[in-house]
Amino acid sequence: MQDMKDLAEMHWKHDLLGSIEVGIVVVDRHYQVQVWNLFMENHSNIAPSAIRDKSLFEHFPEIDETWLRAKAEPVFSLKSPVFVIWEQRPYLFRFGANRPITSPSPFMYQNITIFPLASLSGQVDQVCIVVYDVTDQAVSKQAVDNLNDELQRLSRVDGLTGIYNRRYWEEQFDREFKRNLRTPGESSVIMLDIDHFKKINDNYGHPAGDEVIRQLAQLIEDVSRETDICGRYGGEEFAILLPDTASANVMVLAQRIRASVEKLKIEYEQHTISFTVSLGIAQFDTAFGQHIQWLEEADKALYQAKKNGRNQVIIAGS
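Quick note on numbering: the numbering used here labels position 221 of the sequence shown as 909, and the sequence is numbered without any gaps.
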C-alpha cells in the first residue's frame, strides 16, 4: 500500500514539474544534477535519466563554472537566494529561442533564481536553479532601446548631410567652451562657407546645390580627425570644433580642406560642378564671456577671407 502511495506521489511531482513553464534544476554541492524537469528536457534534448547524478558543467560547457560557483556559494553558505536578470547575463543555458522563425533572437534570454534547499537538519546540500524564459520581454526592450537610440541619433544629425546639426553641434561647442574656462586650453573652431553658393543653385538648380553640400560634408568628415566635431551650421555654412588644438595647427587642416575642395569635381546630371570655400579660424581665449563670442571671432575671420577674395583661410586676429 505504501509503495502505491510513493508511486502516486512520484507521478504527482513529475506531472507538477512537467506542467511548470520554467526550468527546474536541482544540483548538489558538486553541481551534479538531481532534478531536471520537462522544460529543461524539451529545450536541451537531454532526458532526466541521462543527466541525473552527472556534472552540470560537463553537459553545458557554455556555463562559466567560476561565475556560477561564485553566485551559488552564498546560497549554500548563507541560505540566501540569488537573482540574475538577463541584462546582467543573457542566459545560463544556451537554449534556442522558442520561436526560431519569428523571433529575432538566436537564443533564449533567461532570468534565473538560485535558492537553497535545506535538509531536515537545516544544512543546505542542494540548491534549486529556476530558469525563466524572458526572450519576448528582452527582445521588446531591446527594440525600444534601439528605437530610442535611433531617435536620439536622428535628433543630432542634419538630415541632408548626416553630420551633426546646428543644435547638437552648439551643445558640444558650449560644453567645450566651459571646459576651456575651467582648464584653459588651446581649442579652436573653424567656420567654413561655400563661395558663391547662390550661383550654383541658380546655374544648376537646388538639387545640385544639395549634392554639393552633401559631398562637402563628406569631405570635411573624411579629412578631419576622430576627435574633431563637425557640424552643418546652416545652409552652406559648416563649423568644425577642434579640442586641444592651437590655431596654428588648425591652419594645416583648414588648408587641406580648402585645397581638397578646390580639386573636387562633382558630377551631377551631366554637369561638372567646381567650387571653392572660405574658412575662418578662432582659438579659445579666456577673455570670451560666452561661447557665442568665440564663434563670432571665427565668423569675423571667415568674413575677412571672403572680403580678401575668397578661397582662403584667415586666423582671427592675424
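Beta carbons: idealized from backbone N, C-alpha and C, even for Gly.
Tell me whether Ala934 sits in a helix, a strand or coil according to DSSP, three-state version. As a first step, residue 934 is located in the sequence shown; it is residue number 246 there, counting from the start. Assigned with DSSP and collapsed to three states, Ala934 falls in coil, not helix or strand.
Going by DSSP in three states, Arg740 sits in which element: helix, strand or coil? Residue 740 sits at position 52 when you count from the first residue of the sequence shown. It is coil, neither helix nor strand.
Rounded C-alpha distance that separates Met879 from Glu775: The count along the sequence shown starts at 1 and reaches residue 879 at position 191. The count along the sequence shown starts at 1 and reaches residue 775 at position 87. Per the coordinates, the alpha-carbon of Met879 lies some 44 angstroms from the alpha-carbon of Glu775.
Val877 - DSSP class collapsed to helix/strand/coil: Position 189 of the sequence shown, counting from 1, holds the residue named residue 877. Under the three-state reduction of DSSP output, Val877 falls in the strand class.
From this set, Gln840, Ala826, Ala1004, Tyr852, which residue's C-alpha is nearest Ala936's C-alpha? Along the sequence shown, read from residue 1 onward, the residue named residue 936 stands at position 248. Nearest to Ala936 by C-alpha distance, out of Gln840, Ala826, Ala1004, Tyr852, is Ala1004.
Tell me the rounded alpha-carbon separation between Val877 and Val763. By 1-based counting over the sequence shown, the position of residue 877 is 189. By 1-based counting over the sequence shown, the position of residue 763 is 75. Spanning the two alpha carbons is a distance of roughly 58 angstroms.
Delimiting residues of the alpha helix (DSSP H) encompassing Ile901: Counting from 1 along the sequence shown, the entry for residue 901 is found at position 213. Membership of Ile901 in the alpha helix (DSSP H) is indicated by the continuous run 894-911.
Residues of its chain near Val822, where Cβ-Cβ distance is below 6 angstroms and the 5 sequence neighbours each way are ignored: Within the sequence shown, numbered from 1, the residue matching residue 822 stands at position 134. Close CB contacts of Val822 within its chain, under the 6 angstroms cut and outside five residues either way in sequence, are with Trp774, Tyr797, Asn799 (chain order).
Please give the ranges of any alpha helix (DSSP H) in the segment 778-848, keeping only runs that are unbroken, at least 4 residues long and fully inside the region. The qualifying runs are 823-844.
Environment of Val866 [buried if 16+ CB atoms lie within 10 Å]: Position 178 of the sequence shown, counted from the start, is the residue given in the question as residue 866. Note on identity: in this sequence residue 866 is Lys, with Val being the wrong assignment. Taking every protein chain shown into account, the CB of Lys866 has fewer than 16 other CB atoms within 10 angstroms, so this residue is exposed.
Should Val832 go down as buried or exposed, given a rule of 16 or more other Cβ atoms within 10 Å for buried? Your numbering for residue 832 matches position 144 in the sequence shown. It is exposed - the Cβ of Val832 has fewer than 16 other Cβ atoms within 10 Å.
May I have the straight-line CA-CA distance separating Leu756 from Arg844, to the nearest angstrom? Indexing the sequence shown from 1 puts residue 756 at position 68. Indexing the sequence shown from 1 puts residue 844 at position 156. Their Cα atoms are separated by approximately 42 angstroms.
Buried or exposed: where does Ala986 fall if 16 or more other Cβ atoms within 10 Å of its Cβ makes it buried? As a working note, residue 986 is residue 298 in the sequence shown. Taking a 10 Å sphere around the C-beta of Ala986, we find 16 or more other C-beta atoms and assign the residue as buried.
Rounded distance between the beta-carbons of Leu990 and Asp881, thought under 8 angstroms: Residue mapping note: residue 881 aligns to position 193 of the sequence shown, counting from 1. Residue mapping note: residue 990 aligns to position 302 of the sequence shown, counting from 1. The pair is a contact, with the Cβ atoms about 6 angstroms apart (cut-off 8 angstroms).
Phe783 to Leu904, Cα distance in whole Å? If you number the sequence shown from 1, residue 783 lands on position 95. If you number the sequence shown from 1, residue 904 lands on position 216. Distance between the alpha carbons of Phe783 and Leu904: 49 angstroms.
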